[in-house]
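Please read the structure below before turning to the comments.
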Amino acid sequence: MSSIAKMDDLEDAKKELKELKRKVEKADDAKARLVLEKLEGDELKENAKTEMMAQAGKQESCQKEFTQDLEKVKDDIQKLSKHKKDILDKLRRCKAQLEAKKTEASKLKHKFKIYAQIPETEVKFLSLIREENEEGEDTSDSVRGVFTISQRAAVLLLGGQALITFEEEKVAQKVLKLPGCRVSCEDKTLNVKPKGLALETSVKFEVHMDVSRKELKVSNIPPAMPQDRTEDRLEISFSRPTRGGGEVESVDYDVKTGTGSITFLKPGVAWRLARKGVYKVNLESEVNVKVGPAYDFKLEKFQTSCGSSRRTILLEGIDDVEDEEDLQDHLEIHFQKPNNSGGEIENIKYIAKGKSLQAFFSEDKVDTTN
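Counted from 1, the sequence shown has number 299 at position 299 by the UniProt record's numbering; the numbering is strictly sequential.
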């Protein structure tokens, strides 16, 4: 029985040994797997560390690049701000210059405005340009006139002053070099001072005028009827040959201003009616309207000029020791004498204190106007 028991114990021991071997192999496999996993983890860790270092370097590079770009943007913003400031300063200066130019232009515009009643003047006829048809009739639609307006140079002569124009320029220039002149009168001696003469600015321009031979201006039209009916009545009225009218091409009427224009088919009718000044038309009743020529005009070749008279001197500081005419005679006698640096006088004008006059200059003489 003991042998059998031993055999059983041996079998149990073998089984237990086999189980232990299996467990040891399993433990070795687990150990090997853990070692392998550890190695793989170390490799991943190293790779992660390398990647982290690379990312850190990249971040540092990006940060550096960002800082450089930021500094560049700040520099550009500063430059743009300075440029903006310069532009605003320039804009303010330009605005100031513009306002100054506008003020100057306004002054010049006011200065060169001519307020004058131009007297009736003979007009020099130069040439006639006609447009004729086969029958020899004048078919031109307008007449053009070119008028040259020239303002003579002038100077304002005040009381206690005199103008003397010598025949020779060298005499005037010699007198102007004198510091003063002593003029003998009846019982007194005058001390007068000769000065050069600066003339006021004068202007010259051309007026180009085109007067229509077919169009007639009409005014003072009463608003008695609607616009279309008024235009019809005007056309009928101006078409009547018994009143000097003719065939009408078109009618233009402004009810707000009571004015209009009539265009005739043939030239010449408008001129004939314009000379009358008034014309009878039939609206609701027979009324007189004003008629006149239709024309366009423009200014060309506007020129300004200023300067001084080389043969004329101005005398100042003259006291009224005698009447105006006698004192002027004494001045003329004094400045005619060569020993007083004078010479032949072409024109002289003295004006007493309390008066003034305008002296106009031309190539040949000096005219004075009170």
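Cβ atoms here follow ideal geometry from the backbone N, Cα and C, with glycine treated the same way.
Predicted model only: the values in this text are computed from it and were never measured.
Rounded to the nearest angstrom, what separates residue i and residue j at their Cα positions?
{"i": "residue 122", "j": "residue 169", "result": "33 Å"}
{"i": "residue 312", "j": "residue 96", "result": "42 Å"}
{"i": "residue 28", "j": "residue 17", "result": "16 Å"}
{"i": "residue 295", "j": "residue 233", "result": "24 Å"}
{"i": "residue 241", "j": "residue 148", "result": "38 Å"}
{"i": "residue 93", "j": "residue 304", "result": "29 Å"}
{"i": "residue 253", "j": "residue 229", "result": "11 Å"}
{"i": "residue 261", "j": "residue 280", "result": "15 Å"}
{"i": "residue 38", "j": "residue 52", "result": "20 Å"}
{"i": "residue 329", "j": "residue 194", "result": "17 Å"}
{"i": "residue 15", "j": "residue 42", "result": "40 Å"}
{"i": "residue 244", "j": "residue 208", "result": "29 Å"}
{"i": "residue 19", "j": "residue 46", "result": "40 Å"}
{"i": "residue 341", "j": "residue 101", "result": "47 Å"}
{"i": "residue 34", "j": "residue 54", "result": "29 Å"}
{"i": "residue 188", "j": "residue 320", "result": "11 Å"}
{"i": "residue 430", "j": "residue 324", "result": "With the chain running from 1 to 370 in the structure shown, residue 430 is simply not present."}
{"i": "residue 370", "j": "residue 356", "result": "Here residue 370 scores only 41 on pLDDT, less than 50, and its place in the model is too uncertain to base an answer on."}
How is residue i classed by DSSP in three states: helix, strand or coil?
{"i": "residue 13", "result": "helix"}
{"i": "residue 78", "result": "helix"}
{"i": "residue 179", "result": "coil"}
{"i": "residue 222", "result": "coil"}
{"i": "residue 371", "result": "The requested residue 371 does not occur in the structure, where the chain is confined to residues 1 to 370."}
{"i": "residue 200", "result": "coil"}
{"i": "residue 151", "result": "coil"}
{"i": "residue 215", "result": "strand"}
{"i": "residue 210", "result": "strand"}
{"i": "residue 106", "result": "helix"}
{"i": "residue 21", "result": "helix"}
{"i": "residue 100", "result": "helix"}
{"i": "residue 352", "result": "coil"}
Restricting to Cα atoms, I'd like to know which of the options is closest to residue i.
{"i": "residue 264", "options": "251, 257, 258", "result": "251"}
{"i": "residue 298", "options": "193, 107, 206, 228", "result": "206"}
{"i": "residue 336", "options": "353, 165, 291", "result": "165"}
{"i": "residue 227", "options": "237, 258, 199, 209", "result": "258"}
{"i": "residue 351", "options": "101, 315, 360, 334", "result": "315"}
{"i": "residue 255", "options": "246, 248, 225", "result": "225"}
{"i": "residue 302", "options": "150, 32, 63", "result": "150"}
{"i": "residue 172", "options": "344, 146, 153, 101", "result": "344"}
{"i": "residue 152", "options": "275, 8, 204", "result": "204"}
{"i": "residue 201", "options": "108, 283, 266", "result": "108"}
Taking 7 Å as the cut-off, decide whether the C-beta atoms of residue i and residue j are in contact.
{"i": "residue 141", "j": "residue 217", "result": "no"}
{"i": "residue 143", "j": "residue 211", "result": "yes"}
{"i": "residue 221", "j": "residue 269", "result": "no"}
{"i": "residue 160", "j": "residue 353", "result": "yes"}
{"i": "residue 158", "j": "residue 308", "result": "no"}
{"i": "residue 99", "j": "residue 185", "result": "no"}
{"i": "residue 235", "j": "residue 248", "result": "yes"}
{"i": "residue 287", "j": "residue 273", "result": "no"}
{"i": "residue 346", "j": "residue 104", "result": "no"}
{"i": "residue 332", "j": "residue 318", "result": "no"}
{"i": "residue 176", "j": "residue 183", "result": "no"}
{"i": "residue 199", "j": "residue 146", "result": "no"}
So within the stretch 224-268, which uninterrupted alpha helix (DSSP H) runs reach at least 4 residues, ignoring any that extend past its ends?
227-238
Every unbroken beta strand (DSSP E) inside the UniProt domain "NID" (262-347) [3 residues or more]:
For the UniProt domain "NID" (262-347), whole beta strand (DSSP E) runs of length 3 or above, ordered along the chain, are 278-282, 286-305, 312-316.
Just to confirm the assignment: which complete beta strand (DSSP E) runs, minimum length 3, are found wholly within the stretch 28-85?
none
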